[in-house]
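First the structure, in the form of structure tokens, and then the observations on it.
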């Protein structure tokens, strides 16, 4: 516990010493796509990318949220042009919505330099989607799996251009290290992981951590671990094809957003807000991953890996070292997606 607190303090210090005003290069001509861009870390990420000249396609689940996000960016960054922020409707828990969002983006742009799979959910974790997937896993993992697959042709086309620097960034979390013991007996080689069935509750969660939270953080940790394994396996696929795209995952840091604070039981919220990062600070690690020249210059260090602030490569969990688990997660996810697509009368996912 002491070590984890010291690690957090070091990460917070690194984040606070990173200045987006000087560290982010000129982004004119660059195109970014970010899920969950209407609030929290996603909104701050979109704002910082746009004010540096980037064009940002951001997703939100309502026009009202999207308009509020645009107003916020305009208030913070008056020089951002109207056409730099493009709202795309997306509900990552709804496969049809994902397919439509992909089509809308592909009809609007032939270039994507950076895809940021940022959106997540803490609300209603444990409920099931129409596809038969646990909602947290559906939004965090399955939704981004489908979304990335749909946009990959545009990303590959951009990567084929001279002097390109294409990246796919998938938000993960230290939740896997906090809530899943090193010897936890989950199994991504079995389809059971999609339905939110846990083999057992870790004793540390059951007896010590559970009373602090209003949501099941073990299920959330599993979905965030799946994010890191997806980024890792995606890089393997890209490398096999010789595609110069860098896929990586990261922990943004512990920011006191409305979403992150909503998971805690009532008495802890106000106290935690005082010690956690601001939403803007919480976006810095994502911005580093999306824009830092170091990611390109030291590609072999970063590609396929998981990072904690700022750019420190580490193991998200021991299971990430098990290639069979990563490959089976990918295969099971693809099979589940194709099963549901067939049920709704849609063709299978395109080849990666």
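Numbering (our numbering), first residue to last: 1234 to 1585.
Note that CB positions come from ideal geometry on N, CA and C, so glycine has one too.
Please read these numbers as outputs of a predicted model, since none were measured by experiment.
- The C-beta separation of residue 1516 from residue 1457 comes to about 17 Å, leaving the pair out of contact by the 8 Å criterion.
- Pairwise C-beta distances place the stretch 1247-1257 in contact with the stretch 1517-1535, as three or more of them are shorter than 8 Å.
- Between residue 1245 and residue 1483, the CB-CB gap reaches or exceeds 8 Å.
- Here residue 1437 is exposed, its C-beta having fewer than 16 other C-beta atoms within 10 Å.
- CA-to-CA, the gap between residue 1282 and residue 1433 works out to about 42 Å.
- Across the structure, residue 1348 and residue 1266 are spaced so that their CA atoms are roughly 5 Å apart.
- The three-state reading of DSSP puts residue 1268 in coil, since its state is none of H, G, I, E or B.
- Taken atom to atom, the span from the alpha-carbon of residue 1567 to that of residue 1379 is near 9 Å.
- For residue 1378, the enclosing alpha helix (DSSP H) begins and ends at 1376-1392.
- The beta-bridge partner set that DSSP reports for residue 1367 consists of 1361.
- Setting aside the 5 residues that flank it on each side, residue 1481 is surrounded in the same chain by 1400, 1401, 1402, 1403, 1464, 1468, 1522, 1528, 1535, 1536, 1537, 1538, 1539 and 1540, each with a C-beta closer than 8 Å to its C-beta; the list follows chain order.
- Residues 1260, 1263 and 1265 of the same chain have their beta carbon placed closer than 6 Å to that of residue 1287, with the five preceding and five following residues left out of the count.
- Taking a contact to require three or more Cβ pairs closer than 8 Å, the stretch 1360-1367 and the stretch 1406-1420 do not qualify as touching.
- Look at the beta carbons and you see the stretch 1571-1579 touching the stretch 1325-1337: at least three pairs across the two are nearer than 8 Å.
- The beta-carbon separation of residue 1293 and residue 1374, rounded to 20 Å, does not stay under the 8 Å limit for a contact.
- Under the DSSP assignment, residue 1563 falls in the alpha helix (DSSP H) whose first and last residues are 1556-1576.
- Using a Cβ distance threshold of 8 Å, residue 1325 and residue 1377 count as a contacting pair.
- Straight-line spacing of the CA atoms in residue 1243 and residue 1548 works out to 17 Å.
- Between residue 1425 and residue 1365, the gap from beta carbon to beta carbon reaches 8 Å or more.
- Here residue 1299 has 1271, 1293 and 1320 as same chain residues with Cβ atoms under 7 Å from its own Cβ, once five neighbours each way along the sequence are excluded.
- In this chain, residue 1306 is not harboured by any beta strand (DSSP E); it is covered by the alpha helix (DSSP H) spanning 1296-1309.
- Judged by DSSP in its simplified three-state form, residue 1291 adopts strand.
- Here DSSP, grouped into helix, strand and coil, assigns residue 1527 to helix.
- In summary, residue 1306 is buried, with 16 or more beta-carbon neighbours lying within 10 Å of its beta-carbon over all protein chains present.
- Counting of Cβ neighbours within 10 angstroms places residue 1317 among the buried residues, the total reaching 16 or more.
- Going by DSSP, residue 1281 is part of the alpha helix (DSSP H) stretching over 1273-1284.
- Residue 1409 has its alpha-carbon roughly 37 Å from the corresponding atom of residue 1308.
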